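Residue numbers (the UniProt record's numbering): 1 to 196. A virtual CB, placed ideally from N, CA and C, is assigned to each residue, including glycine. Quantities reported herein were computed from a predicted structural model and do not represent experimental measurements. Written out below as structure tokens is the structure these notes cover.
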């Protein structure tokens with residue numbers, strides 16, 4: 001069976017990028033309440049029809065924003081050592097929240113408690129991305145002989161939740177650039193991974 005060809009012009013990746021950038025800006029400046037497809041399309045200089053061809057709803061667009069933020073920053077950590085990998089993962093996590101994308105992601109996570117569709121999107125695009133990257137770091141450490149075995153799924157799940165939770169708490173309660181807490185977080189995570 002052949003797939004139907006999409007009718008109309010092919011999607012322009014520059015429009016995708018402009019819409020994602022505009023979505024991050026709207027979320028950062030105004031939060032979820034003002035995050036409308038109309039506001040995003042206007043900010044990007046695109047039509048709402050262009051936006052809806054890519055994402056059928058505000059939640060789907062929010063998912064694209066979350067995917068863009070997490071996948072661009074968290075994927076592909078490999079420094080050659082488990083300690084270096086965990087340090088790099090923590091640095092990238094801090095970079096996400098301290099950059100312009102941080103308030104946008106925090107706004108989405110705050111709204112997710114009230115929006116089941118958004119909660120599922122963030123689970124798939126933030127939590128699972130963090131979890132997969134942790135599993136990858138542990139697998140690399142096992143291959144290098146730094147760990148005797150992989151840690152089980154429940155332990156990876158808790159570690160992913162801890163990583164996300166500490167990132168959110170840090171963004172609210174701790175001044176940016178507080179290096180002493182970052183080092184303590186690194187030591188604790190390494191101890192848990194090695195002890196598991």
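### Query
Are residue 107 and residue 163 close, meaning C-beta to C-beta below 7 Å?
no
### Query
Just the Cα atoms here: how many angstroms apart are residue 66 and residue 125?
6 Å
### Task
Could you tell me the boundaries of the alpha helix (DSSP H) in which residue 69 lies?
58 to 74
### Task
Under 8 Å Cβ to Cβ from residue 52, same chain only, skipping five residues before and after it: list those, please.
37
### Query
Since residue 159 contacts residue 190 with CB under 8 Å, what's their CB separation in whole angstroms?
11 Å between Cβ atoms; not a contact.
#### Entry: Member of 168, 142, 86, 145 whose CA lies at the smallest distance from the CA of residue 184
86
### Task
With residue 33 as the anchor, note down where its alpha helix (DSSP H) starts and where it stops.
Careful: residue 33 lies outside any alpha helix (DSSP H) and carries neither H nor E.
### Query
Under the three-state reduction of DSSP, which class applies to residue 96: helix, strand or coil?
helix
#### Entry: Cβ neighbours of residue 39 in the same chain (closer than 7 Å, five flanking residues each side left out)
26
### Query
Is the beta carbon of residue 69 less than 7 Å from the beta carbon of residue 101?
yes
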